[in-house]
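Worksheet: the structure to be examined is printed underneath.
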């Protein structure tokens, strides 16, 4: 089985700060780290490091060859990453002493992905494969519709939250993943409750408090799940790690709740590390951590 991921690829510039910058404030950083990021790349790397077979669909600029090579090193199939006439996407990440972050994103090549590349990539897909989506590229709705019609399982991480994108993608989604704030935004902007969304499975993450699973088959009752207790140093990429591990677990045939437990452990370990894609743990790291 294969996980197809239509997703962003960014160069991350991460600044360590004593606190997040307030309006009008100038603040000296205590550290600077450069690395691979973007929600899409993070999810692909996480799924690959969780022993999933992952094919990434995306784009970089002429300056992004290093990012493609880095993804290959982590086990991601990069045949459908195009080089386009736009700068590689990048993110400026501010991380405070408690591990909380604020992020500025420049879309760049992530919004210049060739329109025919999704169909080319999915031409080899089979019923039961997974399509993974998030909101840092274009063409999510078209890809979701195509994958749904082909019998793929569509997992949609509705982040960063975009009401219009959510309305277009959710009708073709099998599993919706979002955090508690994004869930509130979704219900407020659509005016719907869980049954009316039309998704059979909704997973809401709540950081250190774990999260909840809502399924149509269980009458939408909240099924709580926990996350291991750790001391966070950087929350960047934790949600992406959760989603990538979730997809890999399901792709490997795990029952949903078992895949969620695996993803929760990986997300917890991730917040004890600095960085994004380059810091995502693999299965051995997870085993050795004792979480």
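In this note's numbering, the protein residues as written are 4 to 294.
Positions of the beta carbon are idealized from the N, C-alpha and C atoms, including for glycine.
The structure presented is a predicted model; accordingly, all values stated were derived computationally and were not measured.
By the three-class DSSP mapping on this structure, what secondary structure does residue 173 have?
helix
Given a cut-off of 7 Å, decide if residue 89 and residue 112 are closer than it, judged by their beta-carbon atoms.
yes
Judging by CA-CA distance, which residue of 23, 187 and 198 is the nearest neighbour of residue 103?
23
Express the C-alpha separation of residue 254 and residue 225 in angstroms, rounding to a whole number.
24 Å
CB contact flag (residue 229, residue 242, <7 Å):
no
Hey, is the segment 237 to 251 in contact with the segment 266 to 278, meaning 3+ C-beta pairs nearer than 8 Å?
yes
Straight-line gap, residue 144 to residue 20 (C-alpha atoms, nearest Å)
37 Å
Going along the chain, which residues of its own chain have a beta-carbon closer than 6 Å to the beta-carbon of residue 262, five neighbours each way excluded?
249, 252 and 253
Is the segment 74 to 94 close to the segment 28 to 44, with three or more CB pairs under 8 Å?
yes
By DSSP, does residue 221 sit in helix, in strand, or in coil?
helix
Given residue 164, which residues of its chain have a CB within under 6 Å of its CB, disregarding the five upstream and five downstream residues?
185 and 188
For residue 55, count the other beta carbons within 10 Å of its own beta carbon; 16 or more makes it buried, fewer makes it exposed. Which is it?
buried
Thinking just about the alpha-carbon of each residue, which of 135, 142, 149 and 153 is nearest to the one in residue 178?
135
Please report how far the alpha carbon of residue 147 lies from the alpha carbon of residue 202, in whole angstroms.
13 Å
Which residues in the same chain as residue 216 place their Cβ atom closer than 6 Å to its Cβ, once the five residues preceding and following it in sequence are excluded?
206 and 226
If you check the beta carbons only, do residue 166 and residue 192 fall under 7 Å apart?
yes
Within a Cβ cutoff of 7 Å, which residues of the same chain sit near residue 79, ignoring the five residues on either side of it in sequence?
47, 48, 51, 57 and 59
Taking the C-alpha atoms as reference points, what is the distance between residue 204 and residue 29?
44 Å
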